[in-house]
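Chemist: FYI, in my numbering the residues of the sequence shown are 5 to 120. Beta carbons are placed, not taken as given, at the ideal position from N, Cα and C, and that holds for glycine.
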Amino acid sequence: MKRNLKILFFIFILIFSIGFLYINGQEHTVIINNKFQNKKLSEKIEIIFPNEKPKKINPNKKAIMDIKGYKTTFILKKKNFEKKYNLSLPLNKSIEIDIEKLLNKNKKWYKEISLY
């Protein structure tokens, strides 16, 4: 009985560890869209994700980054502006961040993109 309990406990710990590593270690593709409707309003920006190199994006361009984990924060910098944002990444999906909507405080500033 004691041996069966040890085996059951080991299997439980193994399944829990696999689930934890799957959720926290999953890599997501993040597309950053710096294209504006009025092209004159677009400026050069810099996005900083934790444990990643800062990404500079020119006006009216897009950039792609790979981010690990399901919750993260990022810092958006541009001329005379710097703000920190929180981001929850859905499992098995990538996202596209629209900088114009983000700066205009639109609630739908990112959209989910299916990987498959």
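Where in the region 6–53 do unbroken runs of the alpha helix (DSSP H), each at least 4 residues long, occur, reported from the N-terminal end onward?
Modeler: Taking only runs of at least 4 residues, the alpha helix (DSSP H) segments lying wholly in the region 6–53 are 6–29.
Chemist: Give the DSSP bridge partners of Leu93, in chain order.
Modeler: Answer is none; Leu93 lacks a bridge partner.
Chemist: The beta strand (DSSP E) spanning Glu116 covers which residue range?
Modeler: Counting along the chain, the beta strand (DSSP E) containing Glu116 begins and ends at 114–118.
Chemist: Leu88: which of Leu95, Gln30, Leu80 sits nearest, CA to CA?
Modeler: A small correction: the amino acid at residue 88 is Lys; Leu does not occupy that position in the sequence shown. Comparing Cα-Cα distances from Lys88 to each of Leu95, Gln30, Leu80, the minimum goes to Leu80.
Chemist: Apply the 10 Å Cβ neighbour rule to Tyr26 and answer buried if 16 or more other Cβ atoms are within range, or exposed otherwise.
Modeler: Flag for Tyr26 reads exposed.
Chemist: Tell whether a beta-carbon distance below 9 angstroms holds between Ile117 and Asn37.
Modeler: For Ile117 and Asn37, no; Cβs fall outside 9 angstroms.
Chemist: Could you pull out every residue in the same chain whose Cβ sits closer than 6 angstroms to the Cβ of Lys43, ignoring the five residues on either side in sequence?
Modeler: Excluding positions up to five away in sequence, the list reads Asn64.
Chemist: Would you mind giving the Cβ-Cβ distance between Thr33 and Pro54, rounded to the nearest angstrom? I have them listed as a contact below 8 angstroms.
Modeler: In fact, because the Cβ distance is near 17 angstroms, the residues do not count as touching under 8 angstroms.
Chemist: Along the chain, where does the alpha helix (DSSP H) that runs through Lys105 open and close?
Modeler: Start and end: 103–107.
Chemist: Which residue marks the beginning of the beta strand (DSSP E) containing Lys66, and which one marks its end?
Modeler: Note, Lys66: beta strand (DSSP E), 66–72.
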